[in-house]
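Per our numbering, the sequence shown starts with residue 7, numbered consecutively.
Worksheet: one structure, shown below.
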Amino acid sequence: MNRLKSITLYHLMINDQKMIGIKFTPDKLIQNLVKGLPNPKWSKRYDMAYIPNTKGNLGIIFNTFKGVVWINYNRFSTNKPVNTKNETVDVAWFRKRKPIPDYRLCPEGYLLKLELKRYANSTIKTYVSFFEMFINFHKDKELNSIDEGEIRVFLQSLIQKKVSNSYVNQAINAIKFYYEVVLGMPNKFYELERPRKVSKLPTVISKEEILSIIESTNNIKHRCIVQLLYGSGLRRSELLNPKPNNVDSKRMLVRVINSKGGKDRQTLLSKKTLHDLRLYFAEYRPKVYLFEGRNGKKYSGESVLSIVKNAAAKSRIPVKVTPHVLRHSFATHLLESGTDLRQIQVLLGHSSTKTTEIYTHVATNTFESIKNPLD
């Protein structure tokens with residue numbers, strides 16, 4: 007098989023009929039093979055050939071091109087599981103909501119697909135929230151009749167409210183999920199524009215400021231929370247899930263379960279944090295989660311944010327400090343002390359070193375070897 011020659015399959019909707027799109031660079035061999043497919047046609051709009059989308063035709067494409075050219079299914083296979091963990095997916099509370107006068111609730115098909123694909127509960131809440139915002143913006147129109155222009159009007163209304171680019175992108179994802187995944191029409195919004203990605207440098211504070219924040223916490227529980235956010239580089243959501251046995255005192259590691267993207271990882275545990283965790287355990291005796299709120303329930307993300315903000319305010323830190331600023335500082339301080347970027351990537355749970363490379367832009371040792379021209 008010649009991997010230099012390839013075709014990419016797409017879902018297309020043409021005249022309200024599902025089609026298999028076949029995209030390829032000009033090549034006589036591929037063109038002749040496409041001509042041999044059942045009733046092939048050419049779409050000028052999508053710049054690709056297409057045939058009716060049936061199970062039989064998909065098999066014909068496979069048998070026609072197998073061993074001859076590379077078949078790329080990445081754009082076509084939209085039903086891969088998203089969450090392979092055993093997290094309980096909770097969409098029941100959306101279904102049980104009482105109807106609100108003059109307000110359209112999320113369609114059952116949308117909830118069912120989120121449930122079957124086992125999206126994380128936080129993602130489900132985000133998608134449902136944004137999709138209901140969208141369908142109530144166009145409450146007098148049938149969902150299947152809404153076109154790209156009308157979606158752009160909705161997105162424009164968000165931009166005019168001066169929301170962030172991330173907010174707009176989340177809205178786009180929620181809308182695309184309905185048309186592309188629920189209805190199986192992934193080509194419907196290929197040409198929908200997304201906001202430009204803004205590249206911002208992470209906020210980092212000094213080690214002295216970190217220690218000052220730790221000293222300014224109200225009690226041993228709050229102290230341990232801040233120490234784990236910084237000393238283990240945890241995300242705020244990752245601090246809420248660990249159980250007491252996820253702290254490995256023998257290997258001096260913290261096991262992070264079902265993190266972003268459904269991934270597990272291990273990260274560092276400092277001796278100071280372990281000492282304070284033992285004091286915390288003796289006083290609070292958590293049963294299920296490492297940190298628990300009232301009645302033994304999981305600690306809330308809002309409480310964690312409040313702890314960090316209050317301690318930072320007491321320390322009179324001049325910048326806005328959040329749990330993620332502590333994580334950014336953890337990574338940057340490791341880089342400044344000579345830790346390899348690949349090791350930092352593993353500790354943070356980044357899928358790519360490109361994400362971790364942002365810290366080279368704020369680490370002081372990046373600039374120490376450069377002589378200022380004024381000097």
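C-beta atoms are modelled at their ideal positions from N, C-alpha and C, and glycine is treated no differently.
Since we're looking at a predicted model, the values are computed, not measured.
- Between Val74 and Lys119, the gap from beta carbon to beta carbon reaches 8 Å or more.
- Distances from the alpha-carbon of Phe71 to those of Ile36, Asp53, Glu215, Ala55 put Ile36 closest.
- The closest CA to that of Met19, considering only Thr366, Pro324, Thr370, Phe82, is found on Phe82.
- About 6 Å separates the CB atoms of Thr359 and Leu347; that is less than 8 Å, so the two are in contact.
- Between Pro248 and Val260, the CB-CB gap stays under 8 Å.
- By the neighbour-count criterion, in which 16 or more other beta carbons inside 10 Å mark a residue as buried, Ile376 falls on the exposed side.
- Remark: C-beta atoms of Thr223 and His334 do not approach each other more closely than 8 Å.
- Spatial neighbours of Ser276 in its own chain (CB-CB distance under 6 Å, excluding positions within 5 residues in sequence) are listed in chain order as Gly237.
- The C-alpha of Val314 is placed about 27 Å away from the C-alpha of Asn371.
- A direct Cα-to-Cα measurement between Ala55 and Asp254 gives close to 56 Å.
- No residue range can be given for Asn251, since it is assigned to no alpha helix (DSSP H) and is classified by DSSP as neither H nor E.
- Counting along the chain, Ala55 sits inside the beta strand (DSSP E) bounded by residues 54–58.
- DSSP places Asn78 inside the beta strand (DSSP E), whose first and last residues are 75–78.
- DSSP links Gln23 through a beta bridge to Ile20.
- Going by DSSP, Arg158 is part of the alpha helix (DSSP H) stretching over 154–166.
- The beta strand (DSSP E) runs lying completely inside the region 259–334 and spanning 3 residues or more are 259–262, 271–274, given in chain order.
- Counting along the chain, Ser49 sits inside the beta strand (DSSP E) bounded by residues 47–49.
- Thr132 and Ile165 have their C-alpha atoms some 18 Å from each other.
- In chain order, Ile152, Glu156, Phe160 place their CB closer than 8 Å to the CB of His144, counting only its own chain and leaving out the 5 sequence neighbours on each side.
- Nearest to Ile67 by alpha-carbon distance, out of Glu148, Asn38, Thr273, Phe183, is Asn38.
- In the DSSP assignment, Ser12 forms a beta bridge with Trp76.
- For Thr70, the enclosing alpha helix (DSSP H) starts and ends at 61–71.
- Taking C-beta atoms as the reference points, Arg200 and Asn175 count as a pair closer than 8 Å.
- Membership of Ser172 in the alpha helix (DSSP H) is indicated by the continuous run 171–182.
- Pairing Lys206 with Arg241 gives a Cβ-Cβ distance that is not under 8 Å.
- Here DSSP, grouped into helix, strand and coil, assigns Ile219 to helix.
- Here DSSP, grouped into helix, strand and coil, assigns Ile106 to coil.
- Counting the other Cβ atoms within 10 Å of the Cβ of Val327 gives 16 or more, which makes it buried.
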